[in-house]
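Chemist: By UniProt numbering, the letter at position 118 of the sequence shown is numbered 118, and the numbering carries on one by one without gaps.
C-beta: ideal position from N, C-alpha, C; glycine also.
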Amino acid sequence: VFSPNYPHFYGPHEKCDLRVNETGTIVIDPFDKGYDVDPWDYLTVGGDRVSGSHEVFYDVNTTTAIEWTTGPYSELKGWIMCWEPPTIAPMPAPSIWTVRSEVGVGCRTTETCVFSPNYPDNYGPFEYCNLRVNESGILVIDSFDTELSSTGGWDRLYIGGDYISGRQDAQTIALNIAVNSHTAIEWTSDGRVEQKGWRMCWEQPTVAPMPAPTPTPGPPTWLVLEQTGAGCRTTGTCVFSPNYP
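(1) Please go through the same chain and pick out, in chain order, the residues whose beta-carbon is closer than 8 Å to the beta-carbon of Pro-205, but skip the five residues on each side of it.
(2) For the beta strand (DSSP E) containing Glu-203, list its first residue and its last residue.
(3) Does DSSP put Asn-130 in a helix, in a strand, or in coil?
(4) Quick check on this structure: which residue in Asn-134, Thr-188 and Tyr-10 has the alpha carbon closest to the alpha carbon of Trp-97?
(5) What is the DSSP secondary structure of Met-91, counted as helix, strand or coil?
(6) For the beta strand (DSSP E) containing Tyr-158, list its first residue and its last residue.
(7) For Cys-238, is the classification buried or exposed, using 16 other Cβ atoms within 10 angstroms of its Cβ as the cut-off for buried?
(8) Taking 8 Å as the threshold, find out whether the region 41 to 51 comes into contact with the region 67 to 77 through three or more Cβ pairs.
(9) Taking 6 Å as the limit between beta carbons, can you name the residues of its chain near Asn-61, skipping five residues before and five after?
(10) If I measure Cβ to Cβ from Thr-64 and keep anything under 8 Å in the same chain, skipping five residues before and after, which residues do I get?
(11) Look at the alpha carbon of Thr-110 and the alpha carbon of Met-200, and state the distance between them as a whole number of angstroms.
(12) Excluding sequence positions up to five away, which residues of its chain have a Cβ less than 8 Å from the Cβ of Phe-126?
(13) Between which two residues does the beta strand (DSSP E) carrying Ser-101 extend?
(14) Helix, strand or coil: which one does DSSP assign to Gly-106?
(15) In terms of residues, what are the limits of the beta strand (DSSP E) holding Leu-139?
(16) Would you identify the three-state DSSP class for Phe-9, choosing helix, strand or coil?
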């Protein structure tokens, strides 16, 4: 849509009352070259008054009021305003993780990984996460730093019956922890010391390649119907006189 007479000068005492027929974004363009209006002349978009030389983007729908009004004084070049369809953000990839319940900040998940609360900053006190994977696979745990006690750890990760606690690097953690959708995975912290925590990621199990089948030998080319003495030796495609060479 264009101001009256655009790109020539608009006139005094003009008014346009507009609406769009679809939700989207309106862009007023050009700005520094063509959006040249007097302060008494203005657009109103959804209650906001637009006047002067501005770069303007507005999200609008079918109920958004759009009005153009000019005063009695100077007339200038005006403006052009265009509608664009709304930008639809892509859907995030589904996560392999399901958080069944949590207390506190909660364990953040991505498509294949899960993190202790606030990772890589320190987790907090009295936190709890109850997790499951949605597909069978292997859990790989990065460096692990939690409070450890002589009784097995106040702050600890529980995976399928085993507890992991304390300060461990990747070389001291069982990196191939097989899990499925029924494997219980829980994180618990107490009210005392808070440390960096952990990150663990799900990977697809490695499937060993099938061995190549042993080829079946084809039928022999030669058929010895009768022979006397040492006999004629045959191979796949050749035949030799007795005792050759």
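Modeler: Looking at the atomic coordinates:
(1) By 1-based counting over the sequence shown, the position of residue 205 is 205. Excluding positions up to five away in sequence, the list reads Ser-136, Gly-137, Ile-138 and Ala-178.
(2) For the purposes of this step, residue 203 is taken as the residue at position 203 of the sequence shown. Residues 199 to 203.
(3) Position 130 of the sequence shown holds residue 130. Of the three classes helix, strand and coil, the one that applies to Asn-130 here is strand, per DSSP.
(4) Residue 97 sits at position 97 when you count from the first residue of the sequence shown. For Trp-97, the closest of Asn-134, Thr-188 and Tyr-10 by C-alpha to C-alpha distance is Asn-134.
(5) Within the sequence shown, numbered from 1, the residue matching residue 91 stands at position 91. In this structure, Met-91 counts as coil in the three-state DSSP scheme.
(6) Translated into positions along the sequence shown, residue 158 becomes position 158. Per DSSP, Tyr-158 belongs to the beta strand (DSSP E) from 156 to 159.
(7) Position 238 of the sequence shown holds residue 238. Exposed, because fewer than 16 other Cβ atoms sit within 10 Å of the Cβ of Cys-238.
(8) yes
(9) As a first step, residue 61 is located in the sequence shown; it is residue number 61 there, counting from the start. Same-chain partners within the cutoff: Thr-23.
(10) Here the question's residue 64 lines up with position 64 in the sequence shown. Once the five neighbours on either side are set aside, the close Cβ partners of Thr-64 are Arg-19, Val-20, Val-45, Gly-46 and Tyr-58.
(11) Along the sequence shown, one-based indexing puts residue 110 at 110. Along the sequence shown, one-based indexing puts residue 200 at 200. Just so you know, the alpha carbons of Thr-110 and Met-200 end up roughly 11 Å apart.
(12) Locating residue 126 in the sequence shown gives position 126, counting from the first residue. Cβ neighbours of Phe-126 beyond the five flanking positions: Val-103, Gly-104, Ser-189, Asp-190 and Gly-191.
(13) Within the sequence shown, the letter at position 101 stands for residue 101. 97 to 103 is the span of the beta strand (DSSP E), which, as asked, contains Ser-101.
(14) Position 106 of the sequence shown, counted from the start, is the residue given in the question as residue 106. The answer is coil: DSSP assigns Gly-106 none of H, G, I, E or B.
(15) For this step, residue 139 is matched to residue 139 along the sequence shown. Per DSSP, Leu-139 belongs to the beta strand (DSSP E) from 137 to 141.
(16) By one-based count along the sequence shown, residue 9 stands at place 9. In the structure shown, Phe-9 sits in coil (DSSP, three-state: anything other than H, G, I, E or B).
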